[in-house]
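Structure record follows, encoded as structure tokens.
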């Protein structure tokens, strides 16, 4: 059985570069790929142009980086049979034929791996930056990362408490290391030091302006320390309202069928039914039970 790779591109108002990126992915990839674009509320021509090209697209409401990346891993690990996923920003451009094979190998070998751009090269302390000779770095940028299905099952999703921008990727990678994937913690006399597995991955960064701000990143730096010892596995929402909103985005894809009895029970008003049907008060059953067993077939009214 062949191995399949999922690629989730997160985007916001960068349709021109996004189309170039997709062209490069299609032209330079050698794997069996499931591609999905996660749109975070673009108001340019992103949705229309992707639909014209037949590119699978999810999202459409601006929720922030963590939420948007969660869309990708949720879709790929729930609705496709991929073995690993690359989460990549829309400014990460493949530059080598077969680039995806390197990512697939690294993700499945280590469970989690990060791209190290040239700007972060000085932090790398060793390694050839390949799947076979992985590099080590105490910092990661989060613009491109690989995750295996096995590791994802233990770590879950990005923490949406990080909001719109900043350090959601750091927390995500720290949690993989805590779960035993993508790096290790070195105990020193001063304080523990985390090292992440990094690769070059046959990609480069396009020179595009960031959509986040230093103020947002600084604020989230405090949150990063605050949640450092929280449970490793996180869901893609922080409360019931967020859960309902997140899952609603995937309702059209769900195989779940709502049985008739659920729909009736949710809308049924016991008092109104008994007021409309006084004889039921003398029955030895509740109004809803009577309606399901007899009332609906007798065409009884639900309210006066």
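Residue numbers (the working numbering): 14 to 317.
Glycine included, every Cβ here is placed at the ideal spot set by N, Cα and C.
Being a predicted model, the structure only gives us computed values, none of them experimental.
Cα-Cα, which of 212, 307, 21 and 74 is closest to residue 53? Among 212, 307, 21 and 74, the Cα nearest to that of residue 53 belongs to 74.
Within its chain, find whatever has a CB closer than 6 Å to the CB of residue 354; leave out the 5 residues flanking it on each side and keep chain order. Summary: the structure shown does not reach residue 354, with the chain confined to residues 14 through 317, and so no result is reported for it.
Just to confirm my understanding: we take residue 182, look at its own chain, exclude 5 residues before and 5 after, and list those with CB closer than 6 Å. What are they? Non-local beta-carbon contacts of residue 182 in its own chain, meaning distances under 6 Å to residues more than five positions away in sequence, involve 155 in chain order.
With a 10 Å radius around its C-beta and 16 neighbouring C-beta atoms as the bar for buried, classify residue 120 as buried or exposed. It is buried - the Cβ of residue 120 has at least 16 other Cβ atoms within 10 Å.
I'd like to know if the stretch 37–55 and the stretch 126–133 are in contact, where contact means that at least 3 CB-CB pairs between them fall below 8 Å. Short answer: they don't touch.
Going by beta-carbon coordinates alone, are residue 96 and residue 17 separated by less than 7 Å? Yes; because the gap between Cβ atoms is below 7 Å, this pair is in contact.
Determine the closest residue to residue 82 out of 41, 118 and 21, with distance taken between C-alpha atoms. Closest option to residue 82, Cα to Cα, is 21.
Is it true that the stretch 102–118 meets the stretch 144–158, where meeting means three or more beta-carbon pairs spaced less than 8 Å apart? Output reads yes: the stretch 144–158 touches the stretch 102–118.
Any idea if residue 270 is buried or exposed, counting beta-carbon neighbours within 10 angstroms, 16 or more meaning buried? When all chains shown are included, residue 270 counts as exposed.
What is the C-beta distance between residue 164 and residue 189, in whole angstroms, given that I count them as a contact (C-beta under 8 Å)? Between residue 189 and residue 164 the Cβ distance is about 6 Å, and since that is below 8 Å, they are a contact.
Distance check for residue 267 and residue 88, CA to CA, integer angstroms please. About 10 Å.
Residue 314 - DSSP class collapsed to helix/strand/coil: In this structure, residue 314 counts as coil in the three-state DSSP scheme.
What are the start and end residues of the beta strand (DSSP E) that includes residue 182? No beta strand (DSSP E) contains residue 182, which is instead part of the alpha helix (DSSP H) from 181–191.
Start and end of the alpha helix (DSSP H) containing residue 303? Counting along the chain, the unbroken alpha helix (DSSP H) around residue 303 starts and ends at 300–303.
Under three-state DSSP, which class holds residue 107? DSSP places residue 107 in strand when its eight states are reduced to three.
Residue 110 versus residue 214: straight-line alpha-carbon distance, rounded: Within the model, the alpha-carbon separation for residue 110 versus residue 214 is close to 11 Å.
Whole angstroms is fine: what's the gap from residue 241's alpha carbon to residue 264's? Approximately 32 Å between the Cα atoms of the pair.
Beta-carbon within less than 8 Å of residue 136's beta-carbon, same chain only, minus the 5 sequence neighbours each way: which residues are those? The residues are 129, 150, 151 and 152.
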